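What follows is one structure encoded as structure tokens, with my remarks underneath.
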Amino acid sequence: MDFEPIHRPVRHDVDREAMPAVAMVMALCTFMSFAALDTTAKYLVTIGYATIFVVWCRFLSHAVIAFFAFQGWRRADMYRMTSAPLQVLRGLLLPATTLLNFMALRDLQLAQTVSIFLSVPMMVTAMAGPLLGEWAGIRRWAAIMVGFVGVLIVVRPGTDVFTPAIVWSIAATVTYSLYSILTRKLAMQESQSSLVFYSCIFAAVLLAPPALIYGQMPQSVFDFALLAGLGVLGMGGHALLVKASRLASASKVAPFVYSQLLWMTLLGFVVFGDVPDGWTMVGASIICLSGFYIMNRERTIARRERAMAAPD
1 MDFEPIHRPV RHDVDREAMP AVAMVMALCT FMSFAALDTT AKYLVTIGYA TIFVVWCRFL
61 SHAVIAFFAF QGWRRADMYR MTSAPLQVLR GLLLPATTLL NFMALRDLQL AQTVSIFLSV
121 PMMVTAMAGP LLGEWAGIRR WAAIMVGFVG VLIVVRPGTD VFTPAIVWSI AATVTYSLYS
181 ILTRKLAMQE SQSSLVFYSC IFAAVLLAPP ALIYGQMPQS VFDFALLAGL GVLGMGGHAL
241 LVKASRLASA SKVAPFVYSQ LLWMTLLGFV VFGDVPDGWT MVGASIICLS GFYIMNRERT
301 IARRERAMAA PD
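All residue numbers for the sequence shown refer to the UniProt record's numbering, where the first residue is 1 and numbers rise by one.
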């Protein structure tokens, strides 16, 4: 559950074309990478590594990879900030999201956390009105309410399923939704390299003191590889997402986020032997259907606006 939202395709004609097979494969691999990231994090925190140490390793390796990937020694635009306060706030929201999510993963099944996380499109749609002036119509608000019912089915307040870990997962979804909205706002002002770099460097620096206090040396080469691999999975997933968005429109790539439910459920079973209960799958299905409707409705509205703006 760790990706940079892509809100505009590089080419302007891709929305009228069929989605290339290679873009489909890249989109699927993108969310498989993010599922593997969460699986690796869950494994590390359950075998005894401090959550904040795991989070710090994830962002430290990501920052190192981003520096070399964007050739930070020669790219001035990577360090330039047009809106420093918003960049800082965005740079704090992502590690907060990751920390809350990893805390939830200690006790929840992967399928539970991803089911809650899949409500992000609904939260973004609801928050975009007061924060960005992008108000949803009655149909999308109806879909948001239906999706909220799905979330309630997954978390089941008032039962023994509703634990502090559920609260961490919900909080992670809220902070990520705010992060996504800030990304949408800053996408037109900041360079892609600065958005990627600052989303990880703030966490790498700010989390270093507590991570070094509560962390420990990897117990084996395998553990070291997993800790280093967290950033590789995060950065690799993002790179695949960018490439997929160059070959197909964002509206075609976005629905593939729901494939993460499949990957997380599969990895949860293979690695931890977890089998989600029926209520979790029912709630997840409702959330996915609601999200699909919201995405399709926003795509329809965007097409209508483009048609109205086109010269006669």
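For glycine and all other residues, C-beta sits at the position ideal for the given N, C-alpha and C. Note that the structure is a prediction, hence the values are computed from the model and not measured.
Residue 173 and residue 117 closer than 7 Å at C-beta: Going by C-beta atoms, residue 173 is nearer than 7 Å to residue 117.
Taking 7 Å as the threshold (C-beta atoms), are residue 41 and residue 105 in contact? Taking 7 Å as the Cβ cut-off, residue 105 and residue 41 qualify as a contacting pair.
State the start and end residues of the unbroken alpha helix (DSSP H) segment that holds residue 207. It is not in any alpha helix (DSSP H) - residue 207 carries neither H nor E in the DSSP assignment.
How would you call residue 181, buried or exposed, if buried means at least 16 neighbouring beta carbons within 10 angstroms? Classification for residue 181: buried.
Is the beta carbon of residue 147 sitting closer than 7 Å to the one on residue 193? Not closer than 7 Å, so no.
Going by the CB atoms, is the gap between residue 284 and residue 261 shorter than 7 Å? Contact: yes.
Taking the alpha helix (DSSP H) that residue 33 belongs to, which residues open and close that run? The continuous alpha helix (DSSP H) containing residue 33 extends over residues 21-46.
Neighbour-count burial assignment, residue 196, 16 or more Cβ in a 10 Å radius: Buried: at least 16 other Cβ atoms inside 10 Å.
Unbroken alpha helix (DSSP H) run spanning residue 145, endpoints: Boundaries of the alpha helix (DSSP H) around residue 145: 138-155.
Go ahead and pull the three-state DSSP assignment for residue 73. Residue 73 falls in the coil class under three-state DSSP.
Taking the alpha carbon of residue 282 as the reference point, which residue from 155, 230, 27, 107 has its own alpha carbon closest? Per the Cα distances, 155.
Verify whether the separation of the beta carbon atoms of residue 259 and residue 28 is less than 7 Å. Contact flag set, yes.
Taking Cβ to Cβ, would you say residue 61 is nearer than 7 Å to residue 237? Their beta carbons are not under 7 Å apart, which means residue 61 does not touch residue 237 by this criterion.
By DSSP, does residue 223 sit in helix, in strand, or in coil? Of the three classes helix, strand and coil, the one that applies to residue 223 here is helix, per DSSP.
With a threshold of 16 other CB atoms inside 10 Å of the CB of residue 77, please say whether the residue is buried or exposed. Classified as exposed, residue 77 has fewer than 16 neighbouring CB atoms from the shown chains inside 10 Å of its CB.
Rank 248, 183, 224 by C-alpha distance to the C-alpha of residue 23 and give the top, closest one. Closest option to residue 23, Cα to Cα, is 248.
Among the candidates 81, 264, 227, whose CA atom is the shortest distance from the CA of residue 335? With the chain running from 1 to 312 in the structure shown, residue 335 is simply not present.
Where residue 303 falls: helix, strand or coil (DSSP): For residue 303, the secondary structure class from DSSP, reduced to helix, strand or coil, is helix.
Return yes when the Cβ of residue 294 is within less than 7 Å of the Cβ of residue 121, no when it is not. With contacts defined by Cβ atoms closer than 7 Å, residue 121 and residue 294 form a contacting pair.
For residue 305, does the count of other Cβ atoms within 10 angstroms reach 16, so buried, or fall short, so exposed? It is exposed - the Cβ of residue 305 has fewer than 16 other Cβ atoms within 10 Å.
Specify, as a first and last residue, the run of the alpha helix (DSSP H) that residue 95 falls within. 84-105 is the extent of the alpha helix (DSSP H) around residue 95.
For residue 81, three-class secondary structure by DSSP: If DSSP states are grouped into helix, strand and coil, residue 81 belongs with coil.
Since I believe residue 96 is in contact with residue 200 (beta carbons under 8 Å), could you give me their beta-carbon distance rounded to a whole number of angstroms? Not quite, the Cβ-Cβ distance comes to about 13 Å (not below 8 Å), so this is no contact.
Helix, strand or coil: which one does DSSP assign to residue 179? Collapsing the DSSP output to three states places residue 179 in a helix.
Between which two residues does the alpha helix (DSSP H) containing residue 135 stretch? Annotation: residue 135 is outside any alpha helix (DSSP H) and is labelled neither H nor E by DSSP.
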